[in-house]
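Structure record follows, encoded as structure tokens.
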Amino acid sequence: MEPIDIAKDTLLKYGIENASLTLLRHNENLVWKVELSEGLYYVLRIHIPANGLDLIHRAEWLESEMMFLSGLSENSDINVQKPIRAKDGRYVIHLPLNGGFATLLSWLPGVTFNQLENTAIHNAFLVGELVAKMHDYVLKWPNSCELPRPTYDSERVMNAVNSLEEGIGMGLFTNDMYTELYEGAMCICNQMEQENSREGWHGLIHSDLGLGNIIIHDGIVSPIDFGLCGHGPFLFDLGGLMGTFDYTQLRKAVIDGYSKHRPLNQNDYRSIEAFFIASIYFFMSMHLHNIKIHEWFGRRLPLVISDYVRPFINETRFLHKLTESESAVV
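For the sequence shown, this note's numbering begins at 1233 and goes up steadily by one.
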């Protein structure tokens, strides 16, 4: 069965017929824009990863993601997509033909974050505020720590770097480069342990706040794609954001926006640097077998090691030195 036929068949379980479908992307999910004749829009996700992505979807993880989104949409002023129940009342539909799952979400109008707009610095500040408010919501949400979600901890960091050892034999990097990556991972783990023991600085995080997952509409900034959300240190979200913005002033605006609601100390900046690097490790681990990304390893990894990993190992601050002309991950 073709992907579009799977999508149309799945929509019937929501009572939706004769919809216009547009494929938006296929990374960790097949993501379809669903348009109805009466002007209603939805997002249909078929949870089947693209070839080369080391990612497994679990029904309980998808269900908990829907619960998180439902809580945010109903009990906070954070603008997120609302999960839609199927006709049988379920948020998550099992697709027996291919072993995958499907979920349906409301559509959020807007455009993804544009770093070149004249409002970019202001919008980056709003992103920082948004993340702080999301973390504050998590702290007030009863039983959020019990949701079955992935965990972003030292074990996950070491699993990522251990998986990267295979890249030596694949010719993606040298043994010496891997040795530095491993040493950097050990330093990240030390910082991770400190953060995970801090009261009020650990809980559910988005973990994947790239530019493509930030929507702006009428001055409102909204996070989308909570598929990789999990339990971890709150500053991991800031570390990931530092890697997605190309310009120093935008990174600073994010930090300023976050600090307005959740003040940071000097040690927090080392944690942000640690998770900045960790997000790159997770990216590399997930895409190790993705041939389309192999060019990235040769082009970017030497700079990742020289500019980020090595200074971090030597306890030399690098966050404030990130240049205004490079992107950390792509």
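The C-beta atom is built at its ideal place from N, Cα and C for all residues, glycine as well.
As the structure is a prediction and not an experimental result, all values here were calculated from the model.
Counting of Cβ neighbours within 10 angstroms places Asn-1283 among the exposed residues, the total staying below 16.
If you compare the alpha carbons of Ser-1395, Asp-1457, Pro-1465, Gly-1435 with that of Glu-1427, the shortest gap goes to Pro-1465. For Pro-1455, the uninterrupted beta strand (DSSP E) segment begins and ends at 1452–1455.
In this structure, Ile-1437 keeps its C-beta atom at 8 Å or more from the C-beta atom of Asp-1385. The beta carbon of Ile-1456 sits closer than 7 Å to the beta carbons of Gln-1313, Leu-1340, Asn-1445, Ile-1447 from its chain, once the five residues preceding and following it are set aside; these are given in chain order. Listed in chain order, the beta strand (DSSP E) elements of length 3 or more contained wholly in the region 1363–1393 amount to none. Taking a 10 Å sphere around the C-beta of Glu-1234, we find fewer than 16 other C-beta atoms and assign the residue as exposed. Taking a cut-off of 8 Å on C-beta distances, the region 1482–1493 does not touch the region 1373–1383, as fewer than three cross pairs fall below it.
Residue environment analysis places Asp-1500 among the buried positions, since at least 16 neighbouring C-beta atoms fall within 10 angstroms of its C-beta. Leaving aside the five residues that flank Leu-1482 on each side, the residues in its chain whose CB is nearer than 7 Å to its CB run, in chain order, Gln-1347, Ala-1352, Ile-1353, Ala-1356. In terms of Cβ geometry, Phe-1508 and Gly-1471 form a close pair [threshold 8 Å].
Membership of His-1521 in any beta strand (DSSP E) is not indicated, and neither H nor E is assigned to it by DSSP.
Judged by DSSP secondary structure, Ala-1318 falls outside any beta strand (DSSP E); it is assigned neither H nor E. Under the rule that a run must span 3 or more residues, the beta strand (DSSP E) segments found entirely inside the region 1421–1469 read 1434–1437, 1446–1449, 1452–1455, 1462–1465. In the structure shown, Ala-1356 adopts helical secondary structure according to DSSP, grouped into three states.
Counted as a single uninterrupted DSSP element, the stretch harbouring Val-1312 is not any alpha helix (DSSP H), since DSSP gives it neither H nor E. Taking a contact to require three or more Cβ pairs closer than 8 Å, the region 1510–1517 and the region 1383–1403 qualify as touching. Approximately 7 Å separates the beta-carbon atoms of His-1367 and Gly-1435; this is inside 8 Å, confirming the contact.
Under the three-state reduction of DSSP, Ser-1269 is assigned to coil, being neither helix nor strand. Annotation for Pro-1382: Gly-1462 place their beta carbon closer than 6 Å to its own, counting only its chain and skipping 5 residues before and after. By the beta-carbon neighbour count (other beta carbons within 10 angstroms, threshold 16), Asn-1261 is buried.
In this structure, the beta-carbon distance from Leu-1272 to Thr-1335 does not fall below 8 Å. Contact check for Ala-1318 against Tyr-1246 passes: the beta carbons are separated by less than 8 Å.
When C-beta atoms of the region 1411–1419 are compared with those of the region 1533–1551, three or more pairs fall below 8 Å, so the two segments count as touching.
The region 1323–1333 and the region 1287–1303 touch, with no fewer than 3 CB-CB distances between them shorter than 8 Å. Cβ-Cβ distances below 7 Å link Asn-1522 to Gly-1284, Leu-1285 in the same chain, with the five nearest sequence neighbours on each side left out; the list follows chain order.
Taking a contact as a CB-CB distance under 8 Å, the pair Ser-1302 and Pro-1315 counts as one, their CB atoms being some 6 Å apart.
Proximity to Asn-1250 across Ser-1269, Gly-1489, His-1258 peaks at Ser-1269, based on C-alpha coordinates.
When beta bridges are read from the DSSP output, His-1258 appears opposite Leu-1262.
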